[in-house]
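In this note's numbering, the protein residues as written are 2 to 168.
Beta carbons are placed, not taken as given, at the ideal position from N, Cα and C, and that holds for glycine.
All values reported here derive from a predicted model rather than from experimental measurement.
All remarks here apply to the structure that follows.
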């Protein structure tokens, strides 16, 4: 059900952006990496519909403790806000594991989940590792990958991710 809900949202976003691209012709469109799933859908839509536009993904803006900037952050109470930095820290852990040679996506995913559970009261929605071309889950880490997390802090759902090149 969650995948269907997300897909419905993605179709809605793609429709709105396609209309925008038709109304305002542009050479380049900029999207934030924080919303990587939406950026991927829009990039794919532009390619499939032969819309002559370059897609640029810009880095996620972050608070001093690494938390991705988001309008949703204002809904966090003081403790939740402090705990929310665990998302960035868990992505940093994944990055270190991969840099040290870990290539099993399941082991990296498990390490992220354990770190979040040990260091916060967050309820994990998902931890996924996908290739950046087809956005499909992968088992062995290689090439350009996206490590993505969604978790609830109270009623507030936060997302974050990192793109890595694995040799």
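Outcome for residue i when other beta-carbon atoms lying within 10 angstroms are tallied against a minimum of 16
i: residue 21; result: exposed
i: residue 91; result: buried
i: residue 166; result: exposed
i: residue 65; result: exposed
i: residue 161; result: buried
i: residue 141; result: exposed
i: residue 128; result: buried
i: residue 59; result: exposed
i: residue 27; result: exposed
i: residue 163; result: buried
i: residue 5; result: With a pLDDT of 40 at residue 5, under the threshold of 50, the modelled position of this residue cannot be trusted; read the value that follows with caution. Flag for residue 5 reads exposed.
Helix, strand or coil at residue i [DSSP, three-state]
i: residue 125; result: strand
i: residue 46; result: helix
i: residue 65; result: coil
i: residue 23; result: helix
i: residue 3; result: Caution is warranted here: a pLDDT of 48 is assigned to residue 3, below 50, making its placement in the model unreliable, and no coordinate value can be reported.
Strand pairing of residue i, partner residues [DSSP]
i: residue 113; result: Answer by DSSP bridge pairing: none, since residue 113 is not bridged.
i: residue 105; result: 141
i: residue 33; result: 59
i: residue 162; result: 149
Residues of its chain near residue i, where Cβ-Cβ distance is below 7 Å and the 5 sequence neighbours each way are ignored
i: residue 123; result: 84, 87, 117, 152, 153 and 154
i: residue 62; result: 70
Identity of the residue in the options nearest residue i by Cα
i: residue 73; options: 139, 35 and 26; result: 35
i: residue 80; options: 164, 163 and 157; result: 157
i: residue 57; options: 68, 45 and 126; result: 45
i: residue 23; options: 159, 32, 50 and 76; result: 50
i: residue 53; options: 144, 63 and 19; result: 19
i: residue 111; options: 101, 102 and 130; result: 130
i: residue 106; options: 119, 148, 29 and 32; result: 148
i: residue 168; options: 144, 150 and 136; result: 144
i: residue 14; options: 31, 132, 42 and 146; result: 42
i: residue 16; options: 121, 39 and 76; result: 39
i: residue 150; options: 135, 115 and 134; result: 115
Cut-off 6 Å between Cβ atoms - residues of its own chain near residue i, not counting five sequence neighbours on either side
i: residue 67; result: 86 and 89
Same chain, Cβ closer than 8 Å to residue i, five either side skipped, listed in chain order
i: residue 98; result: 108, 109 and 112
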